[in-house]
Amino acid sequence: MPDFNQISRHINQYKEEGKKLFVSSSFQTHSLPLLHMLSRIDKDIPVVFLQTGFHFPETITFRDEVLQLLGMQMIELRSTTPPVMQLNDKGRLLYTSDPDYCCYLNKIAPMEPMLAAYDIWINGVRGDQNANRSTFSLEQPTHSRAVRYHPIIDWDGKQIYQYINEFNLPRHPLDDKGYISVGCEPCTRKFDAAMLNDERGSRWFGMQKTECGLHTELIQQP
Numbered sequence: 042m043p044d045f046n047q048i049s050r051h052i053n054q055y056k057e058e059g060k061k062l063f064v065s066s067s068f069q070t071h072s073l074p075l076l077h078m079l080s081r082i083d084k085d086i087p088v089v090f091l092q093t094g095f096h097f098p099e100t101i102t103f104r105d106e107v108l109q110l111l112g113m114q115m116i117e118l119r120s121t122t123p124p125v126m127q128l129n130d131k132g133r134l135l136y137t138s139d140p141d142y143c144c145y146l147n148k149i150a151p152m153e154p155m156l157a158a159y160d161i162w163i164n165g166v167r168g169d170q171n172a173n174r175s176t177f178s179l180e181q182p183t184h185s186r187a188v189r190y191h192p193i194i195d196w197d198g199k200q201i202y203q204y205i206n207e208f209n210l211p212r213h214p215l216d217d218k219g220y221i222s223v224g225c226e227p228c229t230r231k232f233d234a235a236m237l238n239d240e241r242g243s244r245w246f247g248m249q250k251t252e253c254g255l256h257t258e259l260i261q262q263p
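In my numbering, the protein residues as written are 42 to 263.
See the structure below:
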């Protein structure tokens, strides 16, 4: 597991090379260690939040509290297609009829300009989260200008919560209500036994989908 000093050296090396950096965050509980470390290294690294229009109200409140606590600034990205217009040809909302296209409109397309404008995309994925992420390396190119940097790719859930406890970091309010992975409200369920201890099993449950596309379409696999 890379320690804080290793991550700090990596970030500072990017900065010395004149690289433009940003970090993306979903503002779940497990997002806090990476954001906290970055706030200790450079509070001026912007935090990108994809505002889909479908987030739990608790996530937005938690986001604002975390940003204030850490003294970091946010860049909020939105789809150019308003949520009320995100319908298929039969008038059904895309998150029920075509969740992949919903994610494209609300996450992939809004993120693409950032990847063309910045050099380094700091991302908090971990290899233990699912089979797709287990193949990621510390650095991987996107299909654009930016390179993805995964500083905690080798961490596991236990290390995440050790860090949270060590620094007494806050927790997403939905943790106590049975949610272990929090995304958009229509596509997130409370954890139950059918999810087989899969951290992301509560996302898009029953839809044959485990990723929103940020970690499939916006990354080059080796």
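Where a beta carbon is used, it is the ideal one built from N, C-alpha and C, also for glycine.
*Contacting residues, own chain, Cβ-Cβ under 6 Å from Ile197 (five flanking each side not counted)*: One detail in the question is off: residue 197 reads as Asp in this sequence, not Ile. For Asp197, where only same-chain residues beyond five positions count, the Cβ hits under 6 Å are Asp169.
*Mind reading off the beta-carbon distance from Leu146 to Thr183? Whole number of angstroms is fine, and I expect it under 8 Å.*
The pair is not a contact, with the Cβ atoms about 19 Å apart (cut-off 8 Å).
*Do the stretch 136-146 and the stretch 68-87 make contact, defined as three or more Cβ pairs closer than 8 Å?*
no
*Candidates Val107, Glu99, Ile194: which alpha carbon is nearest Gly224's?*
Glu99
*Start and end of the beta strand (DSSP E) containing Arg189?*
188-190
*Of all the alpha helix (DSSP H) runs that stay within the bounds of the stretch 77-137, which reach a length of 4 or more residues?*
98-111
*Is the stretch 52-65 touching the stretch 159-166 in the sense that three or more CB pairs, one from each, lie closer than 8 Å?*
yes
*For the stretch 131-171, which segments carrying the alpha helix (DSSP H) assignment without a break, of at least 4 residues, lie completely within its bounds, in sequence order?*
135-138, 140-144, 150-158
*Have a look at the DSSP bridge pairing and note the partners of Leu62.*
Ile161
*Using only alpha-carbon positions, find the residue among Ser67, Lys199, Tyr55 that is nearest to Phe103.*
Ser67
*asked:* Quick check: the Cα distance between Asn209 and Asn129, rounded to an integer number of angstroms?
replied: 45 Å
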